[in-house]
Amino acid sequence: MGSVNSSGEPRLIIASNRLPLSVKKIDGKYDVTPSSGGLVSALRGLKTAEFLWLGWPGLAVDPSHRDRVDEQLAKEHAAAVYLDEDLAKDHYNGFSNAILWPILHYQAGKSMTPTVWEAYRRVNEIFADSVSNEARDGDLIWVHDYHLFLLPQMLRDRLQAQGKRCPIGFFLHTPFPADDYWRGLPFEEDLLQGVLGSDVIGFHTDEYKKNFVASCDVLLGSVQVINDHLRYKDRMVKTGRYIAGIDVGRFTRTLEDRKVQARIKELESLYKGKKVIIGVDRLDYTKGLTEKMEGYRIFLDEHPELRDKVILVQIAIPSREDVKEYQDLEGEVSKSVGQIIGKHATPHSTPLLYIHRSVSFEDLTALYAISDVCFLTSRRDGLNLVASEYVACQDRRHGVLVLSKFAGAASFLSHGSVLCNPSSAEGLSESLHQAMTMDEEDRINRHSALRDFVTTHTSEKWTKSFLDDLEKYRVQ
Ligand SMILES: O=P(O)(O)OC[C@H]1O[C@H](O[C@H]2O[C@H](CO)[C@@H](O)[C@H](O)[C@H]2O)[C@H](O)[C@@H](O)[C@@H]1O
Ligand SMILES: O=c1ccn([C@@H]2O[C@H](COP(=O)(O)OP(=O)(O)O)[C@@H](O)[C@H]2O)c(=O)[nH]1
Numbered sequence: 028m029g030s031v032n033s034s035g036e037p038r039l040i041i042a043s044n045r046l047p048l049s050v051k052k053i054d055g056k057y058d059v060t061p062s063s064g065g066l067v068s069a070l071r072g073l074k075t076a077e078f079l080w081l082g083w084p085g086l087a088v089d090p091s092h093r094d095r096v097d098e099q100l101a102k103e104h105a106a107a108v109y110l111d112e113d114l115a116k117d118h119y120n121g122f123s124n125a126i127l128w129p130i131l132h133y134q135a136g137k138s139m140t141p142t143v144w145e146a147y148r149r150v151n152e153i154f155a156d157s158v159s160n161e162a163r164d165g166d167l168i169w170v171h172d173y174h175l176f177l178l179p180q181m182l183r184d185r186l187q188a189q190g191k192r193c194p195i196g197f198f199l200h201t202p203f204p205a206d207d208y209w210r211g212l213p214f215e216e217d218l219l220q221g222v223l224g225s226d227v228i229g230f231h232t233d234e235y236k237k238n239f240v241a242s243c244d245v246l247l248g249s250v251q252v253i254n255d256h257l258r259y260k261d262r263m264v265k266t267g268r269y270i271a272g273i274d275v276g277r278f279t280r281t282l283e284d285r286k287v288q289a290r291i292k293e294l295e296s297l298y299k300g301k302k303v304i305i306g307v308d309r310l311d312y313t314k315g316l317t318e319k320m321e322g323y324r325i326f327l328d329e330h331p332e333l334r335d336k337v338i339l340v341q342i343a344i345p346s347r348e349d350v351k352e353y354q355d356l357e358g359e360v361s362k363s364v365g366q367i368i369g370k371h372a373t374p375h376s377t378p379l380l381y382i383h384r385s386v387s388f389e390d391l392t393a394l395y396a397i398s399d400v401c402f403l404t405s406r407r408d409g410l411n412l413v414a415s416e417y418v419a420c421q422d423r424r425h426g427v428l429v430l431s432k433f434a435g436a437a438s439f440l441s442h443g444s445v446l447c448n449p450s451s452a453e454g455l456s457e458s459l460h461q462a463m464t465m466d467e468e469d470r471i472n473r474h475s476a477l478r479d480f481v482t483t484h485t486s487e488k489w490t491k492s493f494l495d496d497l498e499k500y501r502v503q
């Protein structure tokens with residue numbers, strides 16, 4: 028792995044499991060494609076010229092092909108942390124996504140084998156070696172997400188041994204539940220102590236921050252809470268809420284593109300006379316897709332007069348397809364989709380279009396722009412950037428955002444959206460009806476409130492506010 032910058036100036040080093048590019052093997056050759064998901068979208072606003080992003084490329088790469096992959100990643104300020112296939116599988120699927128992910132989303136813990144915990148620890152060590160070798164004295168280091176809970180403390184130990192002084196930040200993109208959820212996990216103390224190796228720890232909402240601080244207080248005896256800080260091992264660790272957002276300009280520019288304008292016209296003519304509802308979610312049980320389908324089924328049952336006048340376009344981005352829960356979910360959602368279409372489609376129209384793959388950014392913005400309602404029903408969601416992306420594309424139509432009250436985004440966007448509760452299918456149906464029948468003045472007012480928020484809380488502002496706090500830990 029080579030250093031991208033040779034100027035000697037302090038840089039920002041980002042460490043996350045997911046790189047902005049995923050490496051795919053096609054016909055024996057490696058190809059890099061943009062990654063999906065909100066972590067990558069949130070970091071798009073990074074305006075620091077000097078940064079290097081270290082992460083797992085998404086699959087095992089044959090050593091003889093690594094130079095070529097490194098070359099392609101370097102163009103995007105990225106570098107790969109290569110992992111053996113079995114180790115990566117046990118770390119990513121086995122522990123991060125099968126054990127940590129449900130707990131972080133307020134679900135009871137599952138039983139696990141020691142192998143996956145060992146793999147988790149080992150991968151964090153490999154990251155610690157890569158990042159500490161790459162870092163120079165004075166660089167800022169920003170670690171992201173639950174795949175790397177142990178990394179901050181491992182890094183701190185290594186950097187200290189190497190005589191490098193680098194502030195370490197950590198941002199959690201998921202929710203953080205109350206301490207009770209952690210009790211079934213034998214390693215909760217290791218995980219908390221790992222994160223506490225950071226100087227600054229960031230969360231999407233005050234609730235997650237409060238839960239983290241309380242968990243440290245209850246589960247670790249050696250922590251003292253002082254306002255926004257935790258005194259831990261004679262250091263003051265700052266905890267904060269940093270509101271993540273989107274790169275609004277990227278959406279505005281794309282909407283002005285001639286090809287996208289043509290696509291919008293095409294879609295508007297295709298759906299003429301219909302209200303379009305858009306849903307965009309990774310195919311993840313936390314996104315409440317089965318609940319959404321049930322709510323929509325009831326909506327169509329209760330309003331048969333609307334079934335020819337409405338279409339839900341649901342994009343389900345494939346995600347974590349090696350984990351059993353995700354495979355089961357795929358089957359469940361497909362079944363519900365089939366039932367709704369089977370019951371409500373007519374020879375000349377269908378009330379549901381289900382797209383189970385990623386779509387291009389151009390198609391995504393065009394779909395956002397032509398939709399009258401955006402329908403997001405997460406059971407739990409760290410933030411949900413799709414909500415903000417929809418708002419950014421609605422200057423002409425003033426569509427309505429129906430948003431789960433369990434998405435982190437609801438704590439900022441409640442004033443302009445219709446909040447819903449995914450555990451009540453009848454409630455979801457009512458929220459949809461409210462959104463579809465809202466008068467224009469109400470829609471304009473709500474959109475304007477949401478737009479004000481989304482345009483003033485961008486991804487650029489998020490990275491800046493976090494990094495400004497981290498800079499304060501730089502030793503002069
Ligand atoms: O990397 P994957 O396993 O393919 O999953 C994609 C990402 O999912 C999660 O995203 C979260 O981050 C978003 C931005 O902060 C937030 O809006 C959303 O609520 C979260 O679910 C995960 O936390 C990332 O690490 C993944 O890369
Ligand atoms: O085919 C698609 C459609 C959407 N997205 C993006 O995936 C992200 C989803 O982020 P969100 O915060 O809503 O949830 P996450 O998937 O990170 O849990 C958004 O930026 C979407 O634009 C994507 O990568 N591929």
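Under the working numbering, the letters of the sequence shown match residues 28 to 503, in that order. We treat Cβ as the ideally placed atom computed from N, Cα and C, and that holds for glycine.
- Query: Excluding sequence positions up to five away, which residues of its chain have a Cβ less than 7 Å from the Cβ of His-104?
  - Reply: Here the set comprises Val-31, Phe-78, Leu-79, Trp-80.
- Taking buried to mean at least 16 other C-beta atoms within 10 Å of its own C-beta, is Pro-194 buried or exposed? The residue is buried, with at least 16 neighbouring Cβ atoms inside 10 Å.
- How many whole angstroms separate the CB atoms of Gly-229 and Tyr-269, which I take to be in contact at a CB cut-off of 8 Å? The pair is a contact, with the Cβ atoms about 5 Å apart (cut-off 8 Å).
- Query: Say the cut is 7 Å; is the CB of Ala-271 nearer than that to a heavy atom of ligand 3?
  - Reply: In the structure on display, ligand 3 does not appear, and the ligands it does have are ligand 1 and ligand 2.
- Message: What would DSSP say about Tyr-133, mapped onto helix, strand or coil?
- Response: Shown here, Tyr-133 sits in coil according to DSSP, grouped into three states, outside any helix or strand.
- Ignore the nearest five residues each way along the sequence and tell me which others in Gly-409's own chain have a CB closer than 7 Å to its CB. Answer for Gly-409: His-200, Thr-201, Pro-202, His-231, Gly-435, listed in chain order.
- Query: For Tyr-298, which three-state DSSP category applies?
  - Reply: In the three-state reduction of the DSSP assignment, Tyr-298 falls in the coil class, being assigned neither a helical nor a strand state.
- Message: Please determine whether the Cβ atom of Gly-267 lies at a distance below 7 Å from any heavy atom of ligand 2.
- Response: No, the beta carbon of Gly-267 sits no closer than 7 Å to any heavy atom of ligand 2.
- Message: Strictly under 8 Å for the Cβ-Cβ distance: is His-371 near chain B by that measure?
- Response: Absence of chain B from the displayed structure is noted, only one protein chain being present.
- Task: Can you check the segment 181–236 for any beta strand (DSSP E) of at least 3 residues that lies completely inside it and give the ranges in chain order?
- Result: Those beta strand (DSSP E) runs which fall completely within the segment 181–236 and span 3+ residues are 195–198, 227–230.
- In whole angstroms, what separates the C-alpha of Pro-47 from that of Glu-332? Pro-47 and Glu-332: Cα-Cα distance of roughly 45 Å.
- Query: Taking 7 Å as the cut-off, is the CB of His-200 close to at least one heavy atom of ligand 1?
  - Reply: Yes.
- Consult DSSP for Pro-179 and reduce its assignment to one of helix, strand or coil. Correct three-state label for Pro-179: helix.
- Task: Taking all protein chains shown into account, decide if Ile-471 is buried (16 or more other Cβ within 10 angstroms of its Cβ) or exposed.
- Result: Flag for Ile-471 reads exposed.
- Item | Assigned secondary structure, Lys-116 (DSSP; H/G/I helix, E/B strand, else coil) | Here Lys-116 sits in helix by DSSP.
- Query: So what does DSSP say about Asp-496, is it helix, strand or coil?
  - Reply: In the three-state reduction of the DSSP assignment, Asp-496 falls in the helix class, which pools H, G and I.
- Task: Tell me whether Val-287 sits in a helix, a strand or coil according to DSSP, three-state version.
- Result: It is helical.
- Task: Note the first and the last residue of the continuous alpha helix (DSSP H) segment covering Pro-141.
- Result: Start and end: 141–161.
- Message: Does Arg-473 pass the burial test, meaning 16 or more other C-beta atoms within 10 Å, or should it be called exposed?
- Response: Flag for Arg-473 reads buried.
- Task: Please classify Lys-56: does DSSP put it in a helix, a strand, or coil?
- Result: Lys-56: strand per DSSP, three-state reduction.
- Message: So the candidates are Ile-344, Gly-358, Leu-428, Asp-233; which of them puts its Cα closest to the Cα of Phe-388?
- Response: It is Ile-344.
- Sequence-distant residues of its chain with Cβ nearer than 7 Å to Ile-368 (five each side left out): Exclusion of the five residues before and after Ile-368 leaves Thr-377, Leu-379 as the residues of its chain whose Cβ lies within less than 7 Å of its Cβ.
- Item | Residue of Ile-168, Phe-176, Phe-198 minimising C-alpha distance to Lys-191 | Closest by alpha carbon: Ile-168.
- DSSP on Thr-404, reduced to helix/strand/coil? In the structure shown, Thr-404 sits in coil (DSSP, three-state: anything other than H, G, I, E or B).
- Let me know if Gly-224 comes out buried or exposed under the rule of 16 or more other beta-carbons within 10 Å of its beta-carbon. Looking at its Cβ environment, which holds 16 or more other Cβ atoms inside 10 Å, Gly-224 is buried.
- Item | Residues near Ser-63 by beta carbon distance below 6 Å, same chain, minus five either side | Contacts found: Ile-344, Ser-385.
- Opening and closing residue of the beta strand (DSSP E) in which Phe-480 lies: For Phe-480, there is no enclosing beta strand (DSSP E); the residue is part of the alpha helix (DSSP H) that begins and ends at 467–483.
- Message: Here's the rule: buried if 16 or more other CB atoms are within 10 angstroms of the residue's CB, otherwise exposed. What is His-442?
- Response: Per the 10 Å Cβ criterion, exposed.
- Task: Leaving aside the five residues before and after Met-28 along the sequence, list all residues of the same chain whose C-beta is less than 6 Å from its C-beta, in chain order.
- Result: Only weak support is given to the placement of Met-28: the predicted model assigns it a pLDDT of 36, under 50, and the value that follows is read from those uncertain coordinates. So the list reads Ala-106, once near-sequence residues are dropped.
- Pair every Cβ in the segment 207–214 with every Cβ in the segment 152–168, then say whether three or more of these pairs are closer than 8 Å. Touching, no, given that fewer than three Cβ pairs across the two stretches are closer than 8 Å.
- Message: Tell me whether Ala-105, by its Cβ, gets closer than 7 Å to a heavy atom of ligand 1.
- Response: Because no heavy atom of ligand 1 lies under 7 Å away, the Cβ of Ala-105 does not count as near it: no.
- Terminal residues of the beta strand (DSSP E) in which Leu-167 lies: Where Leu-167 is concerned, the enclosing beta strand (DSSP E) stretches over 167–171.
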